[in-house]
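Have a look at the structure below before the remarks.
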Amino acid sequence: MTLKTRWYENDSRFIPGHYQPASLIDLALSRDIDSHRLLRGTGLFHEDILAGQTRLSPQQFLGLIGNSRRLLDADDSSFLFGQRLLPGHYGAASHALRHAQNLHQALDTLVQQQALLSPLASPRLLLDDRHAYFYWLDSCGAGEQWRFLLEASMTSLVAMSQWLSGQRLPWECSFSHAEPRYVEQYWVHLSEHTQFKRPMDLMRIPREFLTQPWPNASATAGQVARQEALGQLEHLGFASSFLDCVYRYLQAQVRQAPSLEQTAQAFGMSPATLKRKLHKHDSGFQQQADLVRKHVALYLYRIKGLSNEEVAEYLSFNDAANFRRSFKRWTGSTPKLIRQLFSAG
Numbered sequence: 001m002t003l004k005t006r007w008y009e010n011d012s013r014f015i016p017g018h019y020q021p022a023s024l025i026d027l028a029l030s031r032d033i034d035s036h037r038l039l040r041g042t043g044l045f046h047e048d049i050l051a052g053q054t055r056l057s058p059q060q061f062l063g064l065i066g067n068s069r070r071l072l073d074a075d076d077s078s079f080l081f082g083q084r085l086l087p088g089h090y091g092a093a094s095h096a097l098r099h100a101q102n103l104h105q106a107l108d109t110l111v112q113q114q115a116l117l118s119p120l121a122s123p124r125l126l127l128d129d130r131h132a133y134f135y136w137l138d139s140c141g142a143g144e145q146w147r148f149l150l151e152a153s154m155t156s157l158v159a160m161s162q163w164l165s166g167q168r169l170p171w172e173c174s175f176s177h178a179e180p181r182y183v184e185q186y187w188v189h190l191s192e193h194t195q196f197k198r199p200m201d202l203m204r205i206p207r208e209f210l211t212q213p214w215p216n217a218s219a220t221a222g223q224v225a226r227q228e229a230l231g232q233l234e235h236l237g238f239a240s241s242f243l244d245c246v247y248r249y250l251q252a253q254v255r256q257a258p259s260l261e262q263t264a265q266a267f268g269m270s271p272a273t274l275k276r277k278l279h280k281h282d283s284g285f286q287q288q289a290d291l292v293r294k295h296v297a298l299y300l301y302r303i304k305g306l307s308n309e310e311v312a313e314y315l316s317f318n319d320a321a322n323f324r325r326s327f328k329r330w331t332g333s334t335p336k337l338i339r340q341l342f343s344a345g
């Protein structure tokens, strides 16, 4: 069966230059960075962005991020960029965020309006009995710009939820990379309880904060804005990236462990075309399959509380030793260490 879906790719020009890219440009200009140097190699001109008609591809946006990192050369750049991102000034999607009734509605809006609000990083929400978990997937092959995007994305959510709720919410942030030399930026902009070298990059908050009402929100304005934003997505013709669609397909079929050939058939393309598209997005089929199985395994351990044997069986591993080797390749840790980590948490 062929999937009936449309997606954007890293060369699709649909990101308004005066939306998220403008926030980064303004940050660089505020630190006396020359606009010509900032936009060099991106095919963009500041005058066109000011005119409000320019549309960037994710590739161009990532080029802008790379230039900004190099020219700003400051530890706080990603965090300051993140503080400017949400709710943002991105039309109806931003209005929908601005008038979210509570944190849960805001998170749902971020997920549903991802192409408009977070085109380079696709957000995901998971719930268990006690906590909400929020994490992002690389939508377009960010490569060496991914940590910058991750720091900015987490900061944007912390800053927005504090502003709209009127209080600093008890977010807990964890990162898979080692503690950086500029760790104080994480403490200031995220939380002093930020952890590193964890199995996954994610944020966590107690569930009771999801439904606490936010002041100054208009239910009517929010509903109209959400409807208008959905109309904008329909006009775009897509709501997700190619990598997001591959991830969702592999996640839905994780127990069958589809092959490259089966996945290509589902997307209505040849295996060679699928491999070429994944390579274009700085990824590969095995990389995507392993990412999905890693996330599903962590979900089954942390949220469902399954045993090693149950997780291995769910993921169709007949040999426990083979599962342990694969799991260590995905996460850098053994299943036993991960379970101990979750128990301690």
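So that you can map any letter, position 173 of the sequence shown is 173 in UniProt numbering, and since no number is skipped, the others follow by simple counting.
Quick reminder that beta carbons are idealized off the backbone N, C-alpha and C, glycines included.
Query: Would you please state the rounded distance, in angstroms, between the beta carbons of A264 and L278? I believe it to be under 8 Å.; Result: Not confirmed; about 10 Å, so no contact.
Query: Can you give the beta carbon distance from A96 to L120, rounded, assuming they're within the 8 Å contact cut?; Result: Their Cβ separation, rounded to whole angstroms, is 20 Å, which puts A96 and L120 out of contact at 8 Å.
Query: Among D128, R130 and S118, which residue has its Cα nearest to the Cα of W136?; Result: S118
Query: In the DSSP assignment, the alpha helix (DSSP H) including R248 goes from what residue to what residue?; Result: F242 to A252
Query: Roughly how many angstroms lie between the CA atoms of P335 and K197, to the nearest whole one?; Result: 15 Å
Query: How long is the line joining the alpha carbons of E310 and A320, rounded to whole angstroms?; Result: 10 Å
Query: Just to confirm my understanding: we take D282, look at its own chain, exclude 5 residues before and 5 after, and list those with CB closer than 6 Å. What are they?; Result: G141 and G143
Query: Can you tell me whether DSSP reads F134 as helix, strand or coil?; Result: strand
Query: Suppose you measure from the CA of A115 to the CA of A225; what does that come to, to the nearest Å?; Result: 15 Å
Query: At a cut of 8 Å, does the stretch 98-108 reach the stretch 153-173 through at least three beta carbon pairs?; Result: yes
Query: Compute the Euclidean distance between the alpha carbons of S165 and S316, then round it to the nearest angstrom.; Result: 44 Å
Query: Just mark S270 as buried or exposed, buried being the case when its beta carbon has 16 or more other beta carbons within 10 Å.; Result: exposed
Query: At what residue ranges does the stretch 178-236 contain a whole run of the beta strand (DSSP E), taking only runs of 3 or more?; Result: 202-206
Query: Check for me: the beta strand (DSSP E) holding A121 runs from which residue to which?; Result: A121 to L127
Query: Taking the CB atoms as reference points, tell me whether I151 and F79 lie closer together than 8 Å.; Result: Reading off the sequence, residue 151 comes out as Glu, not Ile. Yes, these two residues count as a Cβ contact at 8 Å.
Query: Taking all protein chains shown into account, decide if A182 is buried (16 or more other Cβ within 10 angstroms of its Cβ) or exposed.; Result: The sequence given here places Tyr at residue 182; Ala does not occur at that position. That one is exposed.
Query: Alpha carbon to alpha carbon, how far is D34 from H46? Give it in angstroms, no decimals.; Result: 10 Å
Query: Below 8 Å CB to CB, which residues in the same chain sit around L300 once its five sequence neighbours on both sides are set aside?; Result: L306, E310, V311 and Y314
Query: Look at G63 and T42 and say whether their C-beta atoms are less than 8 Å apart.; Result: yes
Query: For Q113 and W214, which I take to be in contact (beta-carbon distance under 8 Å), what is that distance rounded to the nearest angstrom?; Result: Q113 to W214, Cβ: 18 Å. No contact.
Query: Could you compute how far the alpha carbon of Y186 sits from the alpha carbon of Q262?; Result: 42 Å
Query: Straight-line CA distance for F148 to W171?; Result: 19 Å
Query: If you measure between the beta carbons of Q20 and L85, is that distance less than 8 Å?; Result: yes
Query: Taking the DSSP output, what are the residues bridged to E172?; Result: R204
Query: Measuring alpha carbon to alpha carbon, tell me which of A221, L190, P258 and R339 ends up nearest residue 353.; Result: Only positions 1 to 345 of the chain appear in this structure, which leaves residue 353 out of reach.
Query: R13 and R55 look like a contact to me (Cβ under 8 Å); what is the Cβ gap, rounded to whole Å?; Result: 4 Å
Query: How should T194 be labelled, buried or exposed, when 16 other C-beta atoms within 10 angstroms of its C-beta is the threshold for buried?; Result: buried
Query: Just how far apart, CA to CA, sit F175 and L24?; Result: 23 Å
Query: Write down the C-beta distance between S259 and S122 rounded to the nearest angstrom, noting that I regard them as a contact closer than 8 Å.; Result: About 24 Å; that fails the 8 Å criterion.
Query: Which word fits L3, buried or exposed, when buried means at least 16 other C-beta atoms lie within 10 angstroms of its C-beta?; Result: exposed
Query: Would you identify the three-state DSSP class for L315, choosing helix, strand or coil?; Result: coil
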